[in-house]
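Down below is the structure, laid out as structure tokens.
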Amino acid sequence: MHQLTAHARSTRSRVAGSTNVLIRYYEEITGAQPIPPGEGFEPGFAFPALDDRVAAFLEPATVTHHVLDEIAGVRLRLLDLRRNPATQTTKTLASLLLVARAVEHIRRTGEPILIFSPSSGNKAVALRDAVERALSNGLAEPHQLRIVTLTPASTTAKLRASRLSDDPELRRLNPVVVLRGSPPEAVKAIGAEFVREYRRGAQRAGQVWATLRLDNYQQADVVRAFTDHEFGATGPRVIHAHAVSSAYGLLGYQAGLDRLRATGADVDQPGYLLVQHLATCDMVLHSLFGDHDRARIPRYHLDKGLWRQHESPHFPATTWSPAETLEETFYTREPVTSAAMSGLIARHGGSGLAVSLHECLQRYAECRDLLRDTDITLPDDPRDLREWSLVMALTGVLTALDRDLVPNTDELVVHASGSYGVGDYTPLPPEHIVTVEDAAGLAATLGE
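Quick note on numbering: full-length UniProt numbering labels position 389 of the sequence shown as 389, and the sequence is numbered without any gaps.
Printed below as a string of structure tokens:
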């Protein structure tokens with residue numbers, strides 16, 4: 001197994017091919033300092049040995065690098081993190097590692113694990129795919145490794161059919177639960193209530209693992225920095241751009257840079273560009289003003305059916321709604337990660353901006369053209385797009401360049417965290433979805 005060393009960056013060639021980052025950096029990931037335990041049950045920070053079955057389980061964890069274009073003297077590069085066709089989001093990387101930890105706990109203790117995840121949709125799909133892969137590759141038995149997810153009603157169209165839903169017994173053991181009658185962000189509070197009550201109950205046949213902690217995802221996101229250091233471009237004036245809800249991915253990238261520096265590697269420090277929508281632009285607000293006060297959003301005025309503002313280049317000039325939800329997956333308000341991300345931007349450069357659907361549609365053809373030499377194909381009709389993260393990020397980058405929000409930059413790296421359309425997957429049939437209104441209904445789904 002190779003090591004990341006101070007000289008690795010200069011002696012390895014840059015390639016644009018596909019790299020399985022979890023297999024390539026498995027030793028670095030599994031040999032890292034264990035993450036501190038959180039509240040309640042978590043499996044230990046231990047992973048199965050990388051044998052043939054584990055390698056097959058990790059197969060979808062590939063990443064590619066692409067140079068898209070040069071605009072106004074700035075090179076535009078793509079870090080494609082959404083290559084697993086069963087998910088088409090970056091959530092695959094963390095989900096595979098989370099399930100690998102669960103598998104090792106089951107192997108060592110014989111104790112079953114029920115993974116629980118409140119999610120806007122993409123994380124639920126990725127965790128279910130990882131559980132299905134573990135079962136298919138013989139890493140656990142169906143009664144040992146299970147998952148239940150809770151997602152908002154507004155994101156039901158993101159849920160995918162799979163073996164876990166097609167097989168009646170696996171469907172019973174691994175229910176997909178949708179919350180109705182509450183705002184999307186309520187899945188977290190109701191999920192936390194369910195976990196508390198589950199743990200207070202009578203002796204269970206196994207443990208419930210609530211996987212929401214940042215540390216559980218950062219252990220996977222460090223590989224973004226590892227692969228970018230090894231295969232990507234480098235330079236002193238680089239900005240990494242990402243459509244974000246809580247910016248876990250960029251914080252993981254920074255953690256990866258810090259780990260590389262600890263090995264003595266020569267690492268350039270980038271800045272960061274946050275892209276959000278108006279409904280939850282909290283991290284943009286914090287990066288600009290140090291708080292989440294929505295009163296700081298510019299005042300919009302209605303002009304011939306379109307809302308407009310000219311006060312700030314960090315917010316959409318035009319939108320169909322001043323409180324627009326462009327992408328349902330971004331529902332987090334006042335994320336706890338805001339201060340950390342704002343601190344990085346203050347120290348290392350970058351910025352934040354919100355984009356609107358109107359702006360994304362104006363840029364849609366340009367986004368399609370930028371992706372022409374990649375494996376990513378946007379639908380001909382933007383109404384068929386079901387995950388807007390990548391289009392948001394590209395629109396944000398192009399807008400930031402137009403408005404000079406990231407001056408003195410040589411390269412902008414777009415993290416392609418998610419993109420898919422209606423033709424890319426089979427939706428989960430309505431009859432395979434359980435609908436609840438509260439934590440008691442969620443517990444009843446499991447027969448608790």
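Backbone N, C-alpha and C fix where the C-beta goes; we use that ideal spot for every residue, glycine too.
- If you check the CB distance, I113 and Q219 do not come in under 7 Å.
- Contact check for E387 against R75 fails: the beta carbons are separated by 7 Å or more.
- Under the three-state reduction of DSSP, I106 is assigned to helix.
- Counting along the chain, the unbroken alpha helix (DSSP H) around H286 starts and ends at 282-289.
- DSSP places H358 in the uninterrupted alpha helix (DSSP H) bounded by 357-370.
- Taking the Cα positions, A153 is about 16 Å away from A161.
- In this structure the segment 92-109 touches the segment 132-145; the number of beta carbon pairs closer than 8 Å is three or more.
- Under the DSSP assignment, H348 falls outside any beta strand (DSSP E), being part of the alpha helix (DSSP H) whose first and last residues are 338-348.
- Proximity to L394 across Y300, G447, V355, T445 peaks at V355, based on C-alpha coordinates.
- The beta carbon of G181 sits closer than 7 Å to those of E437, all from its chain and outside the five residues before and after it, given in chain order.
- Excluding its 5 nearest sequence neighbours in each direction, R199 has C-beta neighbours in its own chain below 8 Å: G40, F41, V208, listed in chain order.
- Across the set Y425, V177, V222, I345, the C-alpha of V177 shows the shortest separation from the C-alpha of S119.
- Residue P379 holds the alpha-carbon nearest to the alpha-carbon of R368 among P379, R224, E359.
- Linking F45 to V267 through their CA atoms gives a straight-line distance of about 27 Å.
- Boundaries of the alpha helix (DSSP H) harbouring Y248: 248-262, taken from the DSSP string.
- Secondary structure remark: continuous beta strand (DSSP E) runs of at least 3 residues inside the segment 125-175, in chain order: 145-152.
- At least 7 Å separates the beta-carbon of V21 from that of V148.
- Out of T445, D291, S287, F226, the CA that lies nearest to the CA of T263 is found in F226.
- Taking 7 Å as the cut-off, the beta carbon of Y331 is found no closer than this to the beta carbon of E197.
- In this structure, the CA atom of P175 is about 27 Å from the CA atom of A55.
- S342 is positioned such that its CB atom lies no closer than 7 Å to that of S417.
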